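Report on one structure; see the data block that follows.
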Amino acid sequence: MTDKNTPKKTPPGAHQSGAPWRNFYGRIHGKTLNQAQKDYLVEDLEALSPGAVGWDVNPDRTPIDMATKFKGKPVWLEVGFGGGEHLVHMGETYPEVEIIGCEPFMNGVAMLLGKIRKLGTQNVWVHPGDVRDLFDVVPDESLDKAFLNYPDPWPKSRHHRRRFVTQEHLEPLFKAMKPGTEFRVATDIPDYVRQTMEEVPKAGFVFEGDPNDLSAPWSDWISTRYEQKALREGRTPHYMTFRRP
């Protein structure tokens, strides 16, 4: 018999929290935050949580009650929002929807919080971590649109499996999106375009548009600082639209 005070052993392949082992690649922290950014994280971040996402607060992976949390409104998702320009732009442009942004890089999270505080945006929610943890607790067919803008390119061939456009990420995204909804991808990396056009349809999405002309941005697009950097360095933006049948 095991004593009730004996610590439970973590199952093989899992974190102490009970989370499955998931390799995470990329930065969480960058240059030192200024005091205002530190204040945003302390004062504003918790109130903008989309719900119990982390394994530390939701070890049973209970699904988020989307209807209650988001008042029955359409819910959009942006994966890796960078500095938050596009996320806040969409929130301001479409006040009738609720938008969740997932970003593990805390400097980017702090930048977004500063924009939200300045503009008073009311419909943007923030998960400062791995989007796969959100996929665990988002009910099937509950998202109305998704965005992937200028994701980390992982240019070396041996690192291509780290890109978002792999089945590990795309399959749960497909499950989480409602039938008929749109998934947008923007990138300036030709090989990322190749992998996107190959892998996203494998997950069940259907490409829309002309595969030979990916140069036209969406009518509500805002050029982000990452895109401006790409343009300055002579790289060409590509815009791809997929739909969940």
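Okay, so the sequence shown: first residue is 151 according to our numbering, each after it adds one.
Where is the CB? At the ideal position from N, CA and C, for every residue including glycine.
Keep in mind the model is a prediction, meaning the values are calculated, not measured.
Item                                                                                                                                               : Value
At the level of alpha carbons, what is the spacing between K328 and Y300?                                                                          : 24 Å
Relative to the C-alpha of P200, which residue among D290, V281, M240 is closest?                                                                  : V281
Using DSSP's beta-bridge definition, name the partner residues of H388.                                                                            : T337
I'd like to confirm something about V238: is its beta-carbon nearer than 8 Å to some heavy atom of the ligand MG, or not?                          : You won't find the ligand MG in this model; it holds no ligand whatsoever.
On a CA-only basis, which of D210, V238, G330 is nearest E358? Give me that one, please.                                                           : G330
Can you list, in chain order, the residues of its chain whose CB lies under 6 Å from that of G354, leaving out five sequence neighbours each side? : F324
Can you check which of these residues, E332, V343, K379, is closest to H310 by C-alpha distance?                                                   : V343
Whole angstroms is fine: what's the gap from E349's alpha carbon to W275's?                                                                        : 28 Å
So is A197 buried or exposed if we call it buried at 16+ other beta carbons inside 10 Å?                                                           : exposed
Among the residues of its own chain, which have a CB less than 6 Å from the CB of P395, if the five just before and after it don't count?          : V356
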